[in-house]
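Student: There's a structure below that I have some questions on.
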Amino acid sequence: TDHVRSFNDVAADNWAISEINAVASNEIMSGFPDHTYRPNASVTRAEFATILHSLLY
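Here it is in structure tokens:
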């Protein structure tokens with residue numbers, strides 16, 4: 107889809123904004139319920155497994 111989601115903690119001039127928007131619009135990574143993306147946070151094993159599942163299925 108072309109839907110671009112807005113995250114409270116990602117500035118419009120963030121160096122990775124196009125990649126963040128790409129994975130969000132393709133429903134690979136959707137961020138958190140509080141409308142944050144937390145781009146500097148570590149990814150847990152469970153989150154990584156969810157990402158892999160999104161990519162494969």
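Under my numbering, read the sequence shown as residues 107 to 163, first letter to last.
The beta-carbon is built from N, C-alpha and C at its ideal position, and this holds for glycine as well.
1. Are there 16 or more other CB atoms within 10 angstroms of the CB of Y163, so buried, or fewer, so exposed?
2. Quick one, which of A117, T142, E153 and F113 has its alpha-carbon nearest I134's?
3. Does DSSP put N120 in a helix, in a strand, or in coil?
4. Does chain B have any CB closer than 7 Å to the CB of A128?
5. Taking Cβ to Cβ, would you say H141 is nearer than 7 Å to N114?
Tutor: Reading it off the structure:
1. Counting from one through the sequence shown, the residue named residue 163 turns up at place 57. Burial call: exposed.
2. For the purposes of this step, residue 134 is taken as the residue at position 28 of the sequence shown. Ranking the options by Cα distance to I134, first place goes to E153.
3. For this step, residue 120 is matched to residue 14 along the sequence shown. N120 falls in the coil class under three-state DSSP.
4. Note that chain B does not occur in the displayed structure, where there is just one protein chain.
5. The sequence position of residue 141 within the sequence shown is 35, counting from 1. The sequence position of residue 114 within the sequence shown is 8, counting from 1. It is a contact, given that the beta carbons lie within the stated cut-off.
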